[in-house]
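To start, the structure itself, in structure tokens.
Residue numbers (full-length UniProt numbering): 1 to 499.
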């Protein structure tokens, strides 16, 4: 049987069993006692606790049937606790077959920048209202449609105000009659109180005739956002005839997820890129975080002030806002190394001795391909970037094989606690590595194993130099070593000598 296919099937079976046990365990919700007293077995070994190797988290203080799987609980001995705490070890050949990649935990200078889509709106602080302070009517309308662009000082409409004729004629009559300066000045003050423009008074003085027509001019550059009159209509004091929106600066309003909005501050610099043309960009800054949140989308509205000196932005356009957050030194790890389980974030760490161990970490900002690590890792440590679930499956599979390895107790075995139990099998060598040999072997009766392909550790790298891939062999092995089982002896069989 093809070795890679066999290993893959074994790992997939273990992964499916582990997943089923996990969900079954959550469903049962059984509470277990984690404060156990050490017990002793007939062979003198100390038992720390019992557990289900398919769901290794919960610990039990006595043997029995697992509440998660249809199997007996397995004891964990005091003399094997240190080895189990060291993590699972996998041979280099197995690591290559599993396609494991590594990444280093590193420190880098990064900022919590992000992108958002904003809609252009008028900056309402730059709006100007054009009103009349006298009753009259619109004699001539120079701007006839909303959204027309106007320049500062441009004529908007000509107003005829008959109520201004009386005060002007009175003032002119006093001047012609040679009245005292106090009376003349009082008449001028009355015209000012009636909001008669100074330009109109000057023209009356130059021509000697009262003026009732005056021109309304645009106070700022912009567009006519609101047109409240038509030519020939009557106007009253305080009536808004035009509302002009300035375009020197505009607002870009965007909805930001609240998880990102909490890191925003007024004044943050922003680069705004036109959605329709990425070659056009504009400078901006965060102007205001509006105190309202959408309960449906959990977003806040944020208002950015964008420079529009060239006048290329108009309301309704879409801008892609690139918001730059505060920069600083951060500890990061590649995002694919982080396993998120809902409430936890876990990474698989490769220790100095080559073993693997899971470790809980606290993550911070998402920096694209990298994730900030707040706690749980140190700079320079190696983590598994791919193949995490295969490592977990390998560890669980070995735990199951270790459970199958307990042979029936015999009086001789009970009498000698230090006796080493060995097992024999025959098979074919698939590959040879410095740390172990992979063999496709037949059933092992003493362990109740079916035929399978697995790796066996060598005591030393130079052991069994005569063994080559493809050799039919008879071998003896025992429990132990970095792979779980270690070769005691191995000999080549002559063709046709296998039973």
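Ideal placement from N, C-alpha and C gives every residue a C-beta, glycine not left out.
Item, Value
"Top-ranked residue by Cα proximity to residue 238, from 349, 117, 133, 305", "133"
"Cβ pair residue 143, residue 233 closer than 8 angstroms", "no"
"Rounded distance between the beta-carbons of residue 254 and residue 220, thought under 8 angstroms", "Actually they do not touch by this definition, with Cβ atoms about 26 angstroms apart."
"Cβ-Cβ separation, residue 222 to residue 245 (assumed contact under 8 angstroms), whole Å", "5 angstroms"
"At least 3 beta-carbon pairs within less than 8 angstroms: the region 159-166 vs the region 175-185", "no"
"Whole-angstrom distance between residue 316 and residue 272, CA atom to CA atom", "14 angstroms"
"Whole-angstrom distance between residue 300 and residue 293, CA atom to CA atom", "5 angstroms"
"Close-in-space but distant-in-sequence residues of the same chain around residue 426 (CB under 8 angstroms, 5 per side omitted)", "441, 442, 472, 473, 474, 475, 493, 498, 499"
"Stretch-stretch touch, CB-based, cutoff 8 angstroms, three pairs: the region 323-341 with the region 260-268", "yes"
"For residue 24, the three-state DSSP class (helix, strand or coil)", "Any reading at residue 24 needs caution, since the residue's pLDDT is 43, under 50, leaving its predicted position unreliable; the model's value is listed next. Helix at residue 24."
"Closer than 8 angstroms to chain C by CB, residue 239", "In the structure shown, chain C cannot be found, because there is only a single protein chain."
"Closest Cα partner of residue 146 within the set 252, 290, 241", "241"
"Coarse secondary structure for residue 167, derived from DSSP in three states", "helix"
"Buried versus exposed call for residue 212 [16 or more other C-beta atoms within 10 Å across all chains shown]", "buried"
"Residue 462 burial status per 10 Å Cβ neighbour count (16 or more: buried)", "exposed"
"Spatial neighbours of residue 336 in its chain, beta-carbon cut-off 6 angstroms, leaving aside the 5 residues before and after", "385"
"Under 8 angstroms between C-beta atoms of residue 381 and residue 349", "yes"
"Closest residue to residue 109 among 189, 332, 49 (Cα-Cα distance)", "332"
"Distance CB(residue 365)-CB(residue 357) smaller than 8 angstroms", "no"
"Counted within 10 angstroms of its Cβ, other Cβ atoms place residue 311 as buried (16 or more) or exposed", "exposed"
"Other residues of its chain near residue 307: CB distance less than 7 angstroms, five sequence neighbours each side excluded", "249, 282, 283, 284"
"Closest by C-alpha distance to residue 158, when choosing among 62, 434, 200", "200"
"For residue 251 and residue 122, the rounded distance between their alpha carbons", "6 angstroms"
"Straight-line Cα distance separating residue 243 from residue 172", "35 angstroms"
"Residue(s) in a DSSP beta bridge with residue 452", "441"
"Selection from 361, 352, 330, 351 that minimises the alpha carbon distance to residue 501", "The question about residue 501 has no answer here: the residues shown for the chain are numbered 1 through 499."
"When 69, 62, 363 are compared against residue 343, the one with the closest alpha-carbon", "363"
"Sequence-distant residues of its chain with Cβ nearer than 8 angstroms to residue 379 (five each side left out)", "105, 106, 107, 331"
"Rounded C-alpha distance that separates residue 216 from residue 160", "11 angstroms"
"Complete runs of the alpha helix (DSSP H) confined to the UniProt domain \"CusB-like barrel-sandwich hybrid\" (128-245) [at least 4 residues]", "165-176, 181-193, 198-207"
"Three-way DSSP call (helix, strand, coil) for residue 335 in this model", "helix"
"Cβ neighbours of residue 64 in the same chain (closer than 7 angstroms, five flanking residues each side left out)", "73"
"Strand pairing of residue 264, partner residues [DSSP]", "Answer by DSSP bridge pairing: none, since residue 264 is not bridged."
"Residues bridged to residue 366 [DSSP beta-bridge criterion]", "371"
"C-beta contact flag for residue 483 and residue 456 at 8 angstroms", "yes"
"For residue 358: DSSP bridge partner residues", "348"
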